[in-house]
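Engineer: Residue numbers (my numbering): 233 to 634.
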């Protein structure tokens, strides 16, 4: 929490190389605290055990410290607690104070996440979204995830009680950038934002209908009478339905773009187990090169760089269509996240990729915009801000950290 007496130490925790390397950190803030940071007002730091005020700090200085640290290491991110709790389906069971590691599932104590992702790139037919297929997949996915709750083995009785009490699921998407490519729509466009809202609104509606049909057959979730859905006369089998995860591993298995992210690069090197290098080239790239008649020399230059930026001779239509994450302004990254969040009852995990030349002020503005647009959390990563990272542009350069 932002008002914890050790907050500065927590914010700086990742400054030491190798410390907490496989563990992501975020600072949880309330709307009131965000306003104090915007206005530069004083903030009381409170001992969470006894409520005693330990000291007072300038809230703006904490925001600047968060931005500077995130600029340097990608962490901490921010989680917006009041925005999360406005969607809490069972407020009588308690206020949500934390999320799962990647931030896409806000949870009460002892709850767990139960996630699945639809590959949107497989929902395109003749350059149009196949909504009939998507509808069928959503219904099966909701049914499947509900079954997982009963088939699962739980580590503690309390976890089983909480999970089966609310039966929360988190159906999400991956392959969104690939879907746009197949539709011929640039990721960085107003049309892409429109498609994002249309698709996730459709999935949200179909997931709710599927959960209501399950409730007719199997009954509502046990804590339903204590939920917001009871007051709205919406008999659901599951307290929550949607959640968009990063799908870093899932998308590898499915051979599609991850989550709702733009393409990181057209060709890149992925490092696993610190030093094992895997070269990946986007599967649609060669197909599009052939369609547009791109010369062999230009193809090699694109693969070497991992992007079409700065490569003369590439058709403008192709360049716009294949714009990568670092070529898209941070503000648009946030607007895309907000577009999906509008219809997702859990949360959306997305990384705002920043070019190496970005500044801490860019990070600060990104965090403020995310809160303003109704995101439930925000994460940034400035390219090569760490000594070693998982993904590197292009296919030629060696791993700096190896």
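We put the beta carbon where it would ideally sit given N, CA and C, even for glycine.
The model shown is predicted, which means the values in this text are computed figures rather than measured ones.
1. Looking at C-beta atoms only, is the number of pairs between the region 584-599 and the region 287-302 that lie closer than 8 angstroms three or more?
2. Give the list of continuous alpha helix (DSSP H) stretches no shorter than 4 residues that lie fully inside the region 510-582.
3. Exposed or buried, residue 532, counting other C-beta atoms within 10 Å across all chains shown (16 or more means buried)?
4. Run the CB neighbour count on residue 519, radius 10 Å, all protein chains shown included, and call it buried at 16 or more, exposed below.
5. With distances taken Cα to Cα, identify the nearest neighbour of residue 265 among 236, 245, 253.
6. For residue 252, is the classification buried or exposed, using 16 other Cβ atoms within 10 angstroms of its Cβ as the cut-off for buried?
7. Enumerated in chain order, which unbroken segments of the alpha helix (DSSP H) with a length of 4 residues or greater are wholly contained in the region 246-298?
8. Assuming the contact rule is C-beta atoms closer than 8 angstroms, residue 276 and residue 262 should be a hit. Round their C-beta distance to whole Å, please.
9. Check for me: the alpha helix (DSSP H) holding residue 317 runs from which residue to which?
10. In the structure shown, what three-state DSSP assignment does residue 469 receive?
11. At the level of alpha carbons, what is the spacing between residue 244 and residue 306?
12. Compute the Euclidean distance between the alpha carbons of residue 238 and residue 291, then round it to the nearest angstrom.
13. Quick one: is residue 379 buried, meaning 16 or more other Cβ sit within 10 Å of its Cβ, or exposed?
14. Kindly indicate which residue of 448, 345, 385, 601 has the alpha-carbon position closest to the one of residue 474.
15. Alpha carbons only, please: which of 566, 575, 325 is nearest the one belonging to residue 583?
16. Out of curiosity, what's the CA-to-CA distance linking residue 484 and residue 500?
17. How big is the Cα-Cα spacing for residue 385 and residue 552?
18. Are the CB atoms of residue 467 and residue 452 within a distance shorter than 7 angstroms?
19. Determine the extent of the beta strand (DSSP E) in which residue 350 is found, giving its start and end residues.
20. Can you check which of these residues, 330, 279, 361, is closest to residue 315 by C-alpha distance?
21. Round the Cβ separation of residue 366 and residue 355 to the nearest angstrom and send it over; I've been treating them as touching at under 8 angstroms.
Structural biologist: The structure says:
1. With a cut-off of 8 angstroms on Cβ pairs, the region 584-599 is in contact with the region 287-302, counting three or more such pairs.
2. Those alpha helix (DSSP H) runs which fall completely within the region 510-582 and span 4+ residues are 515-524, 528-537, 548-553, 562-573.
3. Exposed, by the Cβ-count rule.
4. Its Cβ having fewer than 16 others within 10 Å, residue 519 is exposed.
5. The candidate whose alpha carbon is nearest that of residue 265 is 236.
6. It counts as exposed.
7. DSSP runs (the alpha helix (DSSP H)) wholly in the region 246-298: 263-271.
8. That pair is no contact at about 13 angstroms.
9. Element bounds for residue 317: 313-317.
10. Three-state DSSP puts residue 469 in coil, outside helix and strand.
11. In this model, residue 244 and residue 306 are separated by some 11 angstroms (Cα to Cα).
12. Those two C-alpha atoms are separated by around 14 angstroms.
13. Looking at its Cβ environment, which holds fewer than 16 other Cβ atoms inside 10 Å, residue 379 is exposed.
14. Nearest C-alpha to residue 474: 345.
15. The shortest CA-to-CA distance from residue 583 to any of 566, 575, 325 is the one to 566.
16. When rounded, the separation of the alpha-carbon atoms in residue 484 and residue 500 is 13 angstroms.
17. Spanning the two alpha carbons is a distance of roughly 48 angstroms.
18. Yes, these two residues count as a Cβ contact at 7 angstroms.
19. Taken as a continuous stretch (DSSP letters only), the beta strand (DSSP E) holding residue 350 covers 347-351.
20. Closest by C-alpha distance to residue 315, out of 330, 279, 361, is 330.
21. About 5 angstroms; that satisfies the 8 angstroms criterion.
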